[in-house]
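Student: One structure coming up, written as C-alpha cells, with questions to follow.
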Amino acid sequence: MSTSNKPLFISFEGIDGCGKSTQVKILLERLDQAGIDSTLVREPGGTHISEEIREVLLTNRDDTMADRTETLLMTASRAQLTHDIIIPSQEKGKFVIADRFADSTLAYQGGGRGLNLDWLIKLNEFATFGVRPDLTFFIDVTAVVGARRRSTVHPDRLENVGHDFQEKVRNQYLKLVKLFPDRFITLDGMESPDVIHTRIWSEINKRMNKNEK
Ligand code: ADP
26 MSTSNKPLFI SFEGIDGCGK STQVKILLER LDQAGIDSTL VREPGGTHIS EEIREVLLTN
86 RDDTMADRTE TLLMTASRAQ LTHDIIIPSQ EKGKFVIADR FADSTLAYQG GGRGLNLDWL
146 IKLNEFATFG VRPDLTFFID VTAVVGARRR STVHPDRLEN VGHDFQEKVR NQYLKLVKLF
206 PDRFITLDGM ESPDVIHTRI WSEINKRMNK NEK
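Every letter in the sequence shown is one number past the one before it in this note's numbering, and letter 73, counting from 1, is 98.
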C-alpha cells in the first residue's frame, strides 16, 4: 500500500460499550504494520487543558451541571485538542484516529440532552476550526448491549445516565448517519471484532485509493 496518500482523519462513534476502543486499538496496530504514521486522540481529553476540563466533566458531585455548561466544556476541550494535536498532526502528514469527536456532541448533547442540533453543529465548527473527519465509523449496538459490555463498578458522571438516555443517543447517531452520508459508515457492533475490523480496513483502503487519483 502506498503511504503517499493524503492522510485521513478517522473518527469512531457510538454509545459507551459499543466497541470503539477495541477497534481503535486494532486499527492503530494495522496502520503501524502498513508503515502509516498516526496519532490517536481520545475525547474528552488529550492535552493538559483538555484533561483538566475532562475532570470537571466526569466528576460525580451533588450539584447538577447545566446541559449548556456540559456542551461548552466538551467543545472547549475539543478546541484545545484540535489546536494542539489534530491540526499539527495533519500538517506533519499523519493519520489522525479519534476515539470520539464532534459527532459525540451532536449525539449526546443533541440527542441525549435535547439541545438544538443546528446550534451544536455551528458550535462544533467553531471549536474544530472547521476540521472534519474524512471518515466516521459508527459502531451500532442497542443500549442494553452497551450497558452489558461496559464496566459499571465506578461509573463516572456521564456513564451514570440511564437506559432511555443511551437509546436517545443511539437514535441520534442513526439520524447523523443519514445527515452526513458522505463520511459516515455504520457497522454492526454485534459482529466479532475481527469482522468489524475487516470492514473498517476495507473502507479506509477505498478512501485512500480515491485520494490517490
Ligand atoms: P467503547 O470504547 O465503545 O466503550 P470497548 O471497546 O471498551 O467499548 O468495549 C467494551 C467491552 O466490549 C470490552 O470488554 C470489549 O472487549 C467488548 N467488545 C468490544 N467489541 C466487541 C464485539 N464486537 N463483540 C463483543 N464484545 C466486544
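A virtual CB, placed ideally from N, CA and C, is assigned to each residue, including glycine. Only a predicted model underlies this, so the values are computations on that prediction, with no experimental measurement involved.
Under the criterion of a Cβ to heavy atom distance below 7 Å, does residue 79 qualify as lining the ligand ADP?
Tutor: It does not: the Cβ of residue 79 is nowhere closer than 7 Å to a heavy atom of the ligand ADP.
Student: Please state if the CB of residue 229 and the CB of residue 33 are separated by a distance shorter than 8 Å.
Tutor: Cβ distance < 8 Å, so residue 33 and residue 229 count as in contact.
Student: Please classify residue 57 as buried or exposed, where buried requires at least 16 other C-beta atoms within 10 Å of its C-beta.
Tutor: By the neighbour-count rule (16 or more Cβ atoms within 10 Å), residue 57 is not buried but exposed.
Student: Would you call residue 8 buried or exposed, if buried means 16 or more other Cβ atoms sit within 10 Å of its Cβ?
Tutor: Beyond the ends of the chain as shown, which are 26 and 238, falls residue 8; an answer cannot be given.
Student: Indicate the three-state DSSP secondary structure (helix, strand or coil) for residue 228 in the structure shown.
Tutor: If DSSP states are grouped into helix, strand and coil, residue 228 belongs with the helices.
Student: Taking the alpha-carbon of residue 25 as reference, which of 35, 132 and 40 has the nearest alpha-carbon?
Tutor: Since the first and last residues shown for the chain are 26 and 238, residue 25 lies out of range.
Student: Any idea what DSSP makes of residue 26, helix, strand or coil?
Tutor: Confidence in residue 26 is poor, its pLDDT being 45 and thus under 50, which makes the residue's placement unreliable; the coordinate value appears in the next sentence. In the structure shown, residue 26 sits in coil (DSSP, three-state: anything other than H, G, I, E or B).
Student: Heavy atom of the ligand ADP less than 7 Å from the Cβ of residue 216, yes or no?
Tutor: Yes.
Student: Taking only the alpha-carbon atoms, compute the straight-line gap between residue 118 and residue 89 and give it to the nearest angstrom.
Tutor: C-alpha separation (whole angstroms): 42 Å.
Student: Is DSSP giving residue 124 helix, strand or coil here?
Tutor: Residue 124: strand per DSSP, three-state reduction.
Student: Is the Cβ-Cβ distance between residue 137 and residue 205 less than 8 Å?
Tutor: No, the Cβ-Cβ distance between residue 137 and residue 205 is not below 8 Å.
Student: When we look at the beta-carbon of residue 121 and count the other beta-carbons within 10 Å, is it buried (16 or more) or exposed?
Tutor: With 16 or more other Cβ atoms within 10 Å, it is buried.
Student: Give me, in chain order, the residues of the same chain whose beta-carbon lies closer than 8 Å to that of residue 232; leave out the 5 immediate sequence neighbours on both sides.
Tutor: Only 33, 159 and 160 meet the Cβ criterion.
Student: Find the nearest neighbour of residue 133 within the set 50, 214 and 38, judged by alpha-carbon distance.
Tutor: For the residues 50, 214 and 38, the minimum Cα distance to residue 133 belongs to 38.
Student: Considering only heavy atoms of the ligand ADP, does any lie closer than 7 Å to the CB of residue 47?
Tutor: Yes, the ligand ADP has a heavy atom inside 7 Å of this Cβ.
Student: Go through its chain and collect everything with a Cβ distance to residue 209's Cβ below 7 Å, but skip five positions before and after it.
Tutor: Here the set comprises 161, 163, 201 and 202.
Student: Between the C-alpha atoms of residue 213 and residue 111, what's the straight-line distance to the nearest angstrom?
Tutor: Going from the Cα of residue 213 to the Cα of residue 111 covers about 28 Å.
Student: With hydrogens ignored, establish whether the beta-carbon of residue 174 is closer than 7 Å to any heavy atom of the ligand ADP.
Tutor: Flag set: Cβ of residue 174 near the ligand ADP.
Student: What I want to know is whether the C-beta of residue 111 ends up closer than 7 Å to one or more non-hydrogen atoms of the ligand ADP.
Tutor: False, no ligand heavy atom lies under 7 Å from that Cβ.
Student: Give the DSSP-derived three-state secondary structure of residue 211 in the structure shown.
Tutor: DSSP places residue 211 in strand when its eight states are reduced to three.
Student: Nearest CA to the CA of residue 116: which residue from 223, 50 and 62?
Tutor: When only C-alpha atoms are compared, the closest one is 62.
Student: What I want to know is whether the C-beta of residue 46 ends up closer than 7 Å to one or more non-hydrogen atoms of the ligand SAM.
Tutor: Of the ligands one can find in the structure shown, namely the ligand ADP, none is the ligand SAM.
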